[in-house]
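S.K.:
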Amino acid sequence: MADFVQALDPSKLVLVGTALSFVTSAFSAPVYNLPIFLFGTYAQEAPEAVQSLKTFTFLLAGSMFYDIVWMFNNSQHWFTKLLTILLLILKIPTAFSFVTALQQRGTQFSGLGIRGSDLSGATVWSMPGGFTSGGREGYQNVDSPTNGPKPLSVPPTQPVQPPQPAPSNPSAYQTV
């Protein structure tokens with residue numbers, strides 16, 4: 005199976021998928037297939053666009069499920085339904101060929117964005133707000149005793165002086 009997938013040309017598969025989805029877009033067919041395949045045409049032409057290829061592969065794989073749901077919920081002419089089924093069948097080797105192309109470029113697939121099964125990377129996880137620092141190791145239970153707030157040091161109070169009237173300067177302003 006791996007040899008068969010490696011022998012497939014992803015660019016030709018995307019081109020055929022784009023043509024089929026363009027033909028079916030004029031009739032009662034899933035409307036998302038043409039934009040997905042157009043995005044795949046764009047993504048496979050850029051050799052450094054690994055993230056775009058990954059996105060296209062996930063969109064293509066997810067759209068297979070939506071194609072099945074769409075065909076059960078909507079009625080089609082027999083010829084349009086045949087083209088939609090052919091497009092659905094074409095998506096399977098296309099997705100496999102893009103997964104193979106991405107693996108040849110050194111990309112690994114995982115749902116959480118972790119490099120394979122490597123959890124010892126440079127990522128450091130911590131709670132916001134410092135819940136793991138400053139003497140508080142974790143959360144506090146409701147029933148546990150609380151330490152009261154530390155009293156604030158109050159500066160010595162100075163005697164309050166009565167407000168002084170503003171000096172009047174009759175020559176500063178004129179009344180008209």
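Per our numbering: the sequence shown = residues 5 to 180. Heads up, the beta-carbon is just placed ideally off N, CA and C, and yes, glycines get one too.
1) Relative to the C-alpha of GLN107, which residue among SER32, ALA33, GLN55 and THR28 is closest?
2) In whole angstroms, what is the alpha-carbon distance linking ASP122 and GLY110?
3) In three-state DSSP terms, what is SER15?
4) Within 10 Å of its beta-carbon, does LYS95 have 16 or more other beta-carbons around it, so buried, or fewer, so exposed?
5) Along the chain, where does the alpha helix (DSSP H) that runs through ASP147 open and close?
6) In this structure, how does DSSP classify SER157 when only helix, strand and coil are distinguished?
7) If you count every other CB in all the chains shown that lies within 10 Å of the CB of PRO166, and 16 or more means buried, which is it?
8) Under three-state DSSP, which class holds THR111?
9) In whole angstroms, what separates the C-alpha of PHE43 from that of PHE60?
10) Tell me which same chain residues have a C-beta within less than 7 Å of the C-beta of SER32, skipping the five on either side of it?
11) Measure the alpha-carbon distance for PHE102 versus ASP147 and round it to whole angstroms.
M.R.: Taking the structure as given:
1) GLN55
2) The pLDDT assigned to ASP122 is 49, lower than 50, so where the model puts this residue is not dependable; a value taken from the coordinates is nonetheless given after this. Rounded to whole angstroms, ASP122 to GLY110 spans 15 Å at the Cα level.
3) helix
4) buried
5) Premise fails: ASP147 is in no alpha helix (DSSP H) and is neither H nor E.
6) coil
7) exposed
8) coil
9) 7 Å
10) ASN78, GLN80 and THR84
11) 56 Å
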